[in-house]
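**Q** I am attaching a structure below and will ask some questions about it afterwards.
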Amino acid sequence: MTRTICALAALMTAGAALAQEPTLIRFGRGFAAEEQVWLMSARPDLAPNQGKKYQLKQILFQANPERFQAFLAGELDGGTAPGLAVIFARAQGVDMKIVANICLEAAGQQWFSTTYMVKDDGPVKTVKDLKDGTIGVVGYKTATDLWARAGLLNAGLVPDQDTKVFSLGFPAMGDSVRTNKIQAGTFVEPFYSAEVAKGGLRKLFTAREAVGYDHELLDVWFGEKFLKAHPDVVRAFLADYVAVTKYYLSHTEQAKRDLAKAGFVRTPVEIYVKNADWKRDPNGRLDVESLKKLAAFMHDKLQWLDKPVNVDAMVDQSYLPR
Amino acid sequence: MRPLIVVLIVLAAWELVSRSGLWSPILFPSLAKIGGALWAFVSRPEGFTQSWTTLYRAFGGFAAAALAGVLLGMLMGRSAFVAATLDPLFSGTYAVPKLALFPIFIFIFGLGSLSKIALIFLECLYPMTIITYHGSRSVNRVLLWSASNMGASRWRTLMRVVLPATLPYIFAALRVALPVALIVAIITEMISSVDGLGYLVTYSLSSLRTDRMLALVVVISLLGLALDRALVVLRNRLVYWEKLDTYYV
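Protein sequence lines, in the order shown, are assigned to chains G and F. Mind the numbering: the first sequence is residues 1 to 322 in the numbering used here, read in order. Mind the numbering: the second sequence is residues 1001 to 1249 in the numbering used here, read in order.
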């Protein structure tokens, strides 16, 4: 009898302790341009709600489809993804919403924009010269694929018909262009700076130039069920996220050093801290109009979507701090 | 009949999972949706073009590996010197995942079909050579002595005794290598290609179209089965004295 009472008491204590545990956010992250998200784990001291109102577990994914499949399998609550990937996912009926901006492809000398480069002494002088050639992107139906196709269409070339669009990893892009395996390649930081330093390549166009307007690159998303079940948890998370973004923008070099120290970045730290950075909204606010334009482009010009998507229905900025 | 029942049970289990609502229909699309995607694939000429692209690559590497592997295996089996020279190389590198060499192959042979065919050749060469080698070593000595006693030359002994006796092993090697060729063709197309079934698999996954991806899995499975059956039929025609006793022959 005494044993049973003791066991019940122990169970109740454990249950109470579990009930007090902050909600765990299982968050799928990527490997580029998400510094402020990584910083929340590298410097939890900058995120005061972490450990109190929520716990954060970041899980690395190499590509978006795997991240969304993990979400569909119930292994993730939220994550990072390019806006256009979320548009794709929503078009297929995935119940997720974009809640905050991470970074944008924007015009301006101070911002980095994903760059398509060609061989410096090669025959490709303009995008039109890519006719019968090949352009390298990092994956089909990714943002890099969209920009490459936009660049080709702007020059009057038909993607896949006039110019092949070939999937290739970022690390292989530089040598592939130099050895003429492909005639143009996609370069993001830190590969861009490393390849420019090696020499022999020059810019053909940027993602911003290809699309013609500033637009969302990476965003934070959450599953709709999680948003409904834990609105305060998401608010607390985004309050920290905005605070960390502001810290990152005002202390970029220190933040980058902290990220390198925590192992989030493998690029040599002295190169990494000098790299140009994408534009980031200090308040995490989204450029919804740019998402609408991207969705229309994906549907009208690329035929990537079977039917138009309602972008307003897939964005919810109400969880961001006012 | 039994294999058909197993297939039906698997399909029924899939449909149950799909309809249960436990998992997203995007991950577990219904059989009707997969069937629709399959029909869309086979009813368009593009489906055949893409399948042929993959088969052409698979056959290219497979045929070259079959020729080279049989030749090397026979040489190793009949010559102690060749065996002592090549056996450590094949045994030592058999377990190496040749796919890791694909980026190097791309730089040497380019982004097109040649790099893929070269990797398929390399992957298939190992089973072809090693199985043929063991086959040619295990030729009944009585047959060899008889040929020698009857005054057969080395070439005649090789062609009339060793080769026929090794044929069952060669066909066993071909049956091991053929699916390897198909698998490597598809994987290399998934890594970097603008055509072929592997490319379509990646494209479907990138579009979150699991139904299309699974339809392609069905196509690949049927191609693999058809090729294997064709090989078994050919084997039983050529090796008529030692027919295979499998469930579908």
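Glycine is no exception: its CB is placed at the ideal position from the N, C-alpha and C atoms. All of these numbers come straight from a predicted model, not from anything done at the bench.
(1) For a contact defined as C-beta to C-beta under 7 Å, what are the partners of G:Ala89 on chain B?
(2) For chain F, is any of its Cβ atoms less than 8 Å away from the one on G:Phe191?
(3) Please confirm whether G:Lys225 has its beta-carbon closer than 8 Å to some beta-carbon of chain F.
(4) Note down, one range per segment and in chain order, each alpha helix (DSSP H) of at least 4 residues found wholly within the stretch 1158 to 1199 of chain F.
(5) Which word fits F:Ala1100, buried or exposed, when buried means at least 16 other C-beta atoms lie within 10 angstroms of its C-beta?
(6) Taking 7 Å as the line, does the beta carbon of G:Leu218 fall inside it for any heavy atom of the ligand GTP?
(7) So, using beta-carbon positions, are F:Gly1092 and F:Tyr1133 closer together than 8 Å?
(8) Alpha carbon to alpha carbon, how far is G:Lys225 from G:Val242?
(9) Would you kindly work out how many angstroms separate the C-alpha atoms of F:Leu1031 and F:Val1042, rounded to a whole number?
(10) Could you run through the stretch 1103 to 1114 of chain F and flag, in chain order, every residue whose CB is less than 9 Å away from some CB of chain G?
(11) Can you give me the C-alpha to C-alpha distance between G:Tyr319 and F:Ala1040, rounded to a whole angstrom?
(12) Locate the beta strand (DSSP E) running through G:Arg362, then write down its first and last residues.
(13) Identify the contact partners of F:Ile1026 in chain G, using a Cβ-Cβ distance below 8 Å as the criterion.
(14) State buried or exposed for F:Val1249, treating a residue as buried only when at least 16 other CB atoms are found within 10 Å of its CB.
(15) Hey, how far is the Cα of F:Thr1054 from the Cα of F:Lys1243?
(16) Are there 16 or more other CB atoms within 10 angstroms of the CB of F:Pro1088, so buried, or fewer, so exposed?
(17) Does the pairing of the stretch 1173 to 1189 of chain F with the stretch 1139 to 1146 of chain F give three or more beta-carbon distances under 8 Å?
(18) Look at the alpha carbon of G:Leu302 and the alpha carbon of F:Ile1005, and state the distance between them as a whole number of angstroms.
(19) Kindly list, in the order they appear in chain F, the residues whose Cβ is closer than 7 Å to that of G:Gln69.
(20) Leaving aside the five residues before and after G:Ser41 along the sequence, list all residues of the same chain whose C-beta is less than 7 Å from its C-beta, in chain order.
(21) When burial is assigned at 16 or more other CB atoms within 10 Å of the CB, is G:Ala229 buried or exposed?
(22) Quick one: what does DSSP say F:Ile1050 is sitting in, helix, strand or coil?
(23) Can you give me the C-alpha to C-alpha distance between F:Asp1195 and G:Ile135, rounded to a whole angstrom?
(24) On the DSSP letters alone, give me the boundaries of the alpha helix (DSSP H) that F:Thr1093 sits inside.
(25) Scan the stretch 154 to 166 of chain G for residues whose Cβ lies nearer than 8 Å to a Cβ of chain F and list them as they occur along the chain.
(26) Could you spell out the range, first to last residue, of the alpha helix (DSSP H) harbouring G:Asp219?
(27) Out of curiosity, what's the CA-to-CA distance linking G:Pro171 and G:Ala143?
(28) G:Met173 by DSSP, collapsed to three states: which one?
(29) Give me, in chain order, the residues of the same chain whose beta-carbon lies closer than 8 Å to that of G:Asp306; leave out the 5 immediate sequence neighbours on both sides.
(30) To which residues does DSSP link G:Cys103 through a beta bridge?
(31) Please list the partners that F:Tyr1203 has in chain G, where partner means a Cβ-to-Cβ separation under 9 Å.
(32) Quick check on G:Lys181 - is its C-beta less than 8 Å from some C-beta in chain F?
(33) For G:Gly133, which residues from the same chain have a beta carbon less than 8 Å from its beta carbon, with the 5 sequence-adjacent residues on both sides left out?
(34) Starting from the Cα of G:Val311, find the closest Cα among G:Leu39, G:Ala85, G:Arg29 and G:Gln109 and give me that residue.
(35) Taking 8 Å as the threshold (C-beta atoms), are F:Gly1135 and F:Tyr1094 in contact?
(36) Tell me which same chain residues have a C-beta within less than 7 Å of the C-beta of G:Lys203, skipping the five on either side of it?
**A** Here's the rundown:
(1) The question asks about chain B, but that chain is absent: this structure's protein chains are G and F.
(2) No - not a single Cβ of chain F is within 8 Å of the one on G:Phe191.
(3) Output row for G:Lys225: interface = no.
(4) Those alpha helix (DSSP H) runs which fall completely within the stretch 1158 to 1199 of chain F and span 4+ residues are 1163 to 1191.
(5) So F:Ala1100 ends up on the exposed side.
(6) Absence of the ligand GTP from the depicted structure is noted, as is the absence of any ligand whatsoever, leaving it without description.
(7) F:Gly1092 places its beta carbon 8 Å or farther from that of F:Tyr1133.
(8) Cα-Cα distance, rounded: 23 Å.
(9) One C-alpha to the other measures close to 16 Å.
(10) Taking 9 Å as the upper bound on Cβ-Cβ separation, chain G lies near residues Pro1103, Ile1106, Phe1107, Gly1110 and Leu1111 of the stretch 1103 to 1114 of chain F.
(11) Rounded to the nearest whole angstrom, the C-alpha separation of G:Tyr319 and F:Ala1040 is 42 Å.
(12) Limits of chain G in this structure are 1 at one end and 322 at the other, which puts residue 362 of chain G out of reach.
(13) Annotation: Cβ neighbours of F:Ile1026 in chain G (cutoff 8 Å, chain order): Leu72, Gln92, Gly93 and Val94.
(14) Below a pLDDT of 50, predicted positions are generally treated as unreliable, and F:Val1249, at 42, falls in that range; the measurement from the model is reported next regardless. Result: exposed.
(15) F:Thr1054 and F:Lys1243 have their C-alpha atoms spaced approximately 30 Å apart.
(16) Exposed, because fewer than 16 other Cβ atoms sit within 10 Å of the Cβ of F:Pro1088.
(17) The stretch 1173 to 1189 of chain F vs the stretch 1139 to 1146 of chain F: no contact.
(18) Computed Cα separation, rounded: 44 Å.
(19) For the C-beta of G:Gln69, the chain F residues within less than 7 Å are, from N- to C-terminus, Leu1027.
(20) If we look at G:Ser41 and ignore the five residues flanking it on each side, its Cβ neighbours are Leu56 and Gln58.
(21) So G:Ala229 ends up on the exposed side.
(22) Ile is not the amino acid found at residue 1050 of chain F; the sequence shown has Gln there. Helix, per DSSP.
(23) Each residue's Cα considered, the two are about 15 Å apart.
(24) Start and end: Ala1080 to Thr1093.
(25) Those would be Asp160, Lys164, Val165 and Phe166, in chain order.
(26) First-last for G:Asp219: His215 to Gly223, but that is the beta strand (DSSP E), not the alpha helix (DSSP H).
(27) Cα to Cα, the separation comes out at about 17 Å.
(28) Correct three-state label for G:Met173: helix.
(29) Counting only Cβ-Cβ distances below 8 Å, and skipping sequence neighbours, we find Ala91.
(30) The secondary-structure analysis by DSSP pairs G:Cys103 across a beta bridge with G:Leu218.
(31) Neighbours of F:Tyr1203 in chain G, taken as residues whose beta carbon is under 9 Å from its own, are Tyr140 and Lys141 in chain order.
(32) Yes, because at least one Cβ of chain F sits closer than 8 Å to the Cβ of G:Lys181.
(33) For G:Gly133, where only same-chain residues beyond five positions count, the Cβ hits under 8 Å are Val124, Thr163, Lys164, Ile182, Gln183 and Ala184.
(34) Of the candidates G:Leu39, G:Ala85, G:Arg29 and G:Gln109, the one whose C-alpha sits nearest the C-alpha of G:Val311 is G:Ala85.
(35) Not closer than 8 Å, so no.
(36) Excluding sequence neighbours, G:Lys203 sits near Thr115 and Met117.
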